[in-house]
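A.B. asks: Dumping the structure here so I can ask a few things about it.
Have a look at this one:
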């Protein structure tokens, strides 16, 4: 019995000793532990990220917007006759170039010409009678009423002849402008009526680009402002021009106003009703802080980017919250949050975090 008690005591001592040894081992330094006063989020690593920076300085910044428009010929005439008449002869063909005053269409004028011949005969007699009556009246021979009747008859026939001559001229339809005969709507032998389209004549030397622009830009767009015009039909063609005029009335239906650009079109590339785009400037700042749009990131607190700042002889990336303004192309103006001479990370910005060591490359 005594022997069993001794064995149990020895086993108890061994268990206690092993337990103490196990507990004491935890006091040894563990290389993976975070040092006192540090946290995993603030711990600096030995990794240095190579970045490229842009030193902030004031520069010119412009913002543009585009509006859809269409081409309109400055000189475009739909020609119709001034009098009724049968089309006797069409003197031009579609696609033909004509000059101002050139004869386009002749209407049947047989009745008018016959009337002119009759009036001329009657007028010749009336002038003879008037001449004799006047000679007698000057000598106080004959009655005044006979003299006045002869005078009135002569003047009436002269006026009638002028009217018939004007009608004869109207039967000859001439080009009001120089240009191209684009469309002939009637055929020879058909009846022409005033107000009915007979021929479309267009001159392409100068054209308008008309665009409807939102009234939100009405304070930023004005006459003689520089613009760029492009056309989907001619990729790569960019035409510089100025605003010819702006509309004075806002369309109540779509809240837009007219912007019109005048273009020289000597090569006649632009055709009426073609689609066009007008690029207009609505903002300009001579001294703005501008960064590449792609480097601006966002989190729950707002927009931010990274700058490089020296600290204890080393360069570190610092997260800076900014207020972005307008963007134009790949550039964004910064309204607040940056100062001149700050170094903004423009390459390597996706590799850095706040407080990370960096090295500036080129």
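Residue numbers (this note's numbering): 1 to 362. A virtual CB, placed ideally from N, CA and C, is assigned to each residue, including glycine.
Going by the CB atoms, is the gap between residue 344 and residue 291 shorter than 7 Å?
C.D. replies: On the chain shown, position 291 is the one that residue 291 refers to. On the chain shown, position 344 is the one that residue 344 refers to. In this structure, residue 344 lies closer than 7 Å to residue 291 by Cβ.
A.B. asks: On the premise that residue 71 lies in contact with residue 271, defined as a C-beta separation below 8 Å, what is that separation, rounded to the nearest angstrom?
C.D. replies: Taking the first residue of the chain shown as position 1, residue 271 is located at position 271. Taking the first residue of the chain shown as position 1, residue 71 is located at position 71. With a Cβ gap of about 6 Å, residue 271 and residue 71 count as contacting.
A.B. asks: Do residue 181 and residue 363 have their beta-carbon atoms positioned less than 7 Å apart in this structure?
C.D. replies: Residue 363 lies beyond the residue range present for the chain, which begins at 1 and ends at 362; the question has no answer from this structure.
A.B. asks: Could you check where the alpha helix (DSSP H) with residue 145 kicks off and where it finishes?
C.D. replies: To locate residue 145, count along the chain shown from 1; it is residue 145. Residue 145 -> alpha helix (DSSP H) spans 144 to 170.
A.B. asks: Nearest CA to the CA of residue 268: which residue from 179, 362 and 99?
C.D. replies: Residue 268 sits at position 268 when you count from the first residue of the chain shown. Looking at the Cα atoms, 179 is the closest of the given residues.
A.B. asks: Taking residue 264 as the reference, which of 219, 311, 352 and 208 has the closest Cα?
C.D. replies: Indexing the chain shown from 1 puts residue 264 at position 264. The shortest Cα separation from residue 264 among 219, 311, 352 and 208 belongs to 208.
A.B. asks: Is residue 326 helix, strand or coil when you go by DSSP?
C.D. replies: What you label residue 326 is simply residue 326 of the chain shown in a count that begins at 1. Residue state, collapsed to three classes: strand.
A.B. asks: Indicate whether residue 321 and residue 306 have their beta-carbon atoms separated by less than 7 Å.
C.D. replies: Position 321 of the chain shown, counting from 1, holds the residue named residue 321. Position 306 of the chain shown, counting from 1, holds the residue named residue 306. For residue 321 and residue 306, no; Cβs fall outside 7 Å.
A.B. asks: According to DSSP, is residue 255 part of a helix, a strand, or is it coil?
C.D. replies: If you number the chain shown from 1, residue 255 lands on position 255. Coil at residue 255, not helix or strand.
A.B. asks: Relative to the alpha-carbon of residue 249, which residue among 341, 159, 165 and 218 has its alpha-carbon at the smallest distance?
C.D. replies: Against the chain shown, residue 249 aligns to sequence position 249. It is 218.
A.B. asks: Taking just the CA atoms, how far does residue 100 sit from residue 128?
C.D. replies: Within the chain shown, residue 128 is the residue found at index 128, counting from 1. Within the chain shown, residue 100 is the residue found at index 100, counting from 1. Roughly 41 Å between the two C-alpha positions.
A.B. asks: With distances taken Cα to Cα, identify the nearest neighbour of residue 147 among 123, 134 and 296.
C.D. replies: Reading the chain shown from its first residue, position 147 is the one you call residue 147. Measuring from the Cα of residue 147, the nearest candidate turns out to be 134.
A.B. asks: Evaluate residue 406 with the Cβ neighbour count: other Cβ atoms within 10 Å of its Cβ, from every protein chain shown; 16 or more gives buried, anything less gives exposed.
C.D. replies: The question about residue 406 has no answer here: the residues shown for the chain are numbered 1 through 362.
A.B. asks: Would you tell me roughly how many angstroms separate the C-alpha atoms of residue 327 and residue 205, rounded to the nearest one?
C.D. replies: Here residue 327 is taken as the residue at index 327 of the chain shown, counted from 1. Here residue 205 is taken as the residue at index 205 of the chain shown, counted from 1. Looking at the two C-alpha atoms, the distance is approximately 37 Å.
A.B. asks: Exposed or buried, which one is residue 152 when buried takes at least 16 other CB atoms within 10 Å?
C.D. replies: Looking up residue 152 in the chain shown gives position 152. Residue 152 should be labelled exposed.
A.B. asks: How would you call residue 195, buried or exposed, if buried means at least 16 neighbouring beta carbons within 10 angstroms?
C.D. replies: Start at 1 with the first residue of the chain shown, and residue 195 comes out as number 195. Classification of residue 195: exposed, given that the 10 Å Cβ count is below 16.
A.B. asks: Can you tell me which of 330, 310, 336 and 342 puts its alpha carbon nearest to the alpha carbon of residue 356?
C.D. replies: One-based indexing of the chain shown puts residue 356 at position 356. Among 330, 310, 336 and 342, the Cα nearest to that of residue 356 belongs to 310.
A.B. asks: Does DSSP put residue 278 in a helix, a strand or coil?
C.D. replies: If you number the chain shown from 1, residue 278 lands on position 278. Of the three classes helix, strand and coil, the one that applies to residue 278 here is strand, per DSSP.
A.B. asks: Less than 7 Å between the C-beta atoms of residue 252 and residue 173, yes or no?
C.D. replies: For the purposes of this step, residue 252 is taken as residue 252 along the chain shown, with counting starting at 1. For the purposes of this step, residue 173 is taken as residue 173 along the chain shown, with counting starting at 1. No. Outside cutoff.
A.B. asks: Taking 7 Å as the cut-off, decide whether the C-beta atoms of residue 348 and residue 48 are in contact.
C.D. replies: Taking the first residue of the chain shown as position 1, residue 348 is located at position 348. Taking the first residue of the chain shown as position 1, residue 48 is located at position 48. In this structure, residue 48 does not lie closer than 7 Å to residue 348 by Cβ.
A.B. asks: Quick check: the Cα distance between residue 38 and residue 213, rounded to an integer number of angstroms?
C.D. replies: As a position in the chain shown, residue 38 is number 38, starting the count at 1. As a position in the chain shown, residue 213 is number 213, starting the count at 1. Any reading at residue 38 needs caution, since the residue's pLDDT is 31, under 50, leaving its predicted position unreliable; the model's value is listed next. The straight-line gap from Cα to Cα measures roughly 59 Å.
A.B. asks: Determine the DSSP secondary structure at residue 360, reduced to helix, strand or coil.
C.D. replies: Along the chain shown, one-based indexing puts residue 360 at 360. Secondary structure of residue 360 (DSSP, three-state): strand.
A.B. asks: Output the distance between the C-alpha atoms of residue 170 and residue 112, rounded to the nearest integer angstrom.
C.D. replies: Numbered from its first residue, the chain shown carries residue 170 at position 170. Numbered from its first residue, the chain shown carries residue 112 at position 112. The alpha-carbon atoms of residue 170 and residue 112 are separated by roughly 11 Å.
A.B. asks: Would you list, in sequence order, the uninterrupted beta strand (DSSP E) runs of no fewer than 3 residues that lie entirely inside the stretch 60 to 147?
C.D. replies: Complete beta strand (DSSP E) runs here, min 3: 85 to 90 and 103 to 107.
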